[in-house]
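Numbering (mature numbering (1 follows the signal peptide of the UniProt record, and there is no 0)), first residue to last: -18 to -1, 1 to 305.
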């Protein structure tokens, strides 16, 4: 009976008529303001059709209880998986240096923390962010972590310049829109500080560095790396310190099109880390993560990720900043 029900639902979900696909493609281009040259458009349309099929099959399976989360058509649906990984998922790794000092935090033992916590409910409400086709997740993640600590200290939210990190941290080992590491970014901000977003707005491409030291309004005094693979330490840090930068595996196509529910794709291995997000809270069974792929991805830019299994390597490399 389950297979029959699934087949019936699939017929509802799958657009099979060419005219329906053409209409859907036109709506997709209009909604997300997409323009292509003629040759690229045919390639992108094929990718969109193939991805739409994957999305619809997954959602049909979710409708009969086979998945705990749904997918949706978003601004990344015209990307092949290879294009998506090259353009959107560009986190690099950076080793500890002696000049960093002792940046490893011991395992947390604090137990007096709430079962559920959401920093958004504490007033740290930020608009959806969009890195666009620039591999700058590292800059958004650390920049917003600094904003969060400043908010916790001062009680007000001041957007800081992500573009400054993209343009100016190459001497620390970052590669602009071709990727960067959380540690390199922490080193840069500790040395140089950050200007306001309004004074140095985001352009989604690497530009000439326009940093002015006397306009930097925020810096960090230190940072600590959490014990790898320790989700309890991650939860304690989020509760006691604030929003936490984390590294994650964003490789699966289900991650690319995530929409709603608790993401728990077993194919999302903990062995790969290629994207950075900000942990802003947790429930009893999920981490609440902020992404940089606009309001069209996830739940208005957020993901609920299953807790307890180090899914997608969420606790493999996490750190917090001290302002």
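No residue lacks a Cβ here, since even glycine has one placed at the ideal position from N, Cα and C.
With respect to the 8 Å criterion, residue 231 and residue 203 are not classified as neighbours on the basis of their beta carbons.
When the five nearest sequence neighbours on each side are left out, the beta carbons in the same chain lying within less than 6 Å of the beta carbon of residue 144 are those of 121, 122, 125, 184, in order along the chain. Runs of the beta strand (DSSP E) lying entirely within the segment 162 to 211, each at least 3 residues long, are 204 to 207 in chain order.
Remark: C-beta atoms of residue 148 and residue 116 approach each other more closely than 8 Å. Secondary structure of residue 111 (DSSP, three-state): coil. Secondary structure of residue 301 (DSSP, three-state): strand. When the Cα atoms are used, residue 263 and residue 101 turn out to be separated by approximately 6 Å. Taking C-beta atoms as the reference points, residue 227 and residue 288 fail to come closer than 8 Å. If one requires a minimum length of 4 residues, the alpha helix (DSSP H) runs lying completely within the segment 17 to 76 are 20 to 45, 63 to 70, in chain order.
Taking a C-beta distance under 8 Å as the contact criterion, residue 305 and residue 132 qualify as a contact pair. Look at residue 157 here: in three-state DSSP terms it is coil, with no helix or strand label.
Here residue 302 is buried. Its C-beta has 16 or more other C-beta atoms within 10 Å.
Bounds of the alpha helix (DSSP H) holding residue 149 are 144 to 150.
Ranked by Cα distance from residue 281, the options 111, 214, 254, 7 are led by 111. Annotation: residue 206 to residue 162 spans about 18 Å, alpha carbon to alpha carbon.
Nearest C-alpha to residue 256 among 237, 270, 247, 245: 237. Collapsing the DSSP output to three states places residue 131 in a helix. Our two residues, residue 174 and residue 201, have alpha carbons roughly 7 Å apart in a direct line. Per DSSP, residue 287 lies in no alpha helix (DSSP H) segment; the continuous beta strand (DSSP E) that holds it begins and ends at 284 to 288.
Between the beta-carbon of residue 211 and that of residue 292 there is about 6 Å, and that keeps the pair under the 8 Å contact cut. The bridge partners DSSP lists for residue 275 are 112. Under the DSSP assignment, residue 216 falls in the alpha helix (DSSP H) whose first and last residues are 213 to 222. The beta carbon of residue 249 sits closer than 6 Å to the beta carbons of 234 from its chain, once the five residues preceding and following it are set aside; these are given in chain order.
Beta-bridge partners of residue 8 (DSSP): none assigned. Counting C-beta atoms within 10 angstroms of its own C-beta, residue 71 has 16 or more neighbours from the protein chains shown and is therefore classed as buried. Setting aside the 5 residues that flank it on each side, residue 283 is surrounded in the same chain by 110, 273, 277, each with a C-beta closer than 6 Å to its C-beta; the list follows chain order. Residues of the same chain with a CB within less than 7 Å of the CB of residue 37, apart from the 5 flanking positions on each side, are 53, 54, 55, 239 in chain order. By the CB criterion at 8 Å, residue 261 and residue 220 fall inside the cutoff. With three or more CB-CB distances shorter than 8 Å, the segment 3 to 11 counts as touching the segment 20 to 39. Nearest Cα to residue 169 within the set 159, 182, 151: 151. Between residue 50 and residue 296 the beta-carbon gap is near 16 Å, outside 8 Å, which marks them as no contact. In the three-state scheme derived from DSSP, where H, G and I count as helix and E and B as strand, residue 105 is classed as coil. Taking the Cα of residue 154 as reference, the smallest distance to any Cα among 167, 146, 215, 95 is reached at 167. Nearest Cα to residue 9 within the set 21, 60, 48: 60. For the set 114, 136, 130, the Cα lying nearest the Cα of residue 160 is the one of 114.
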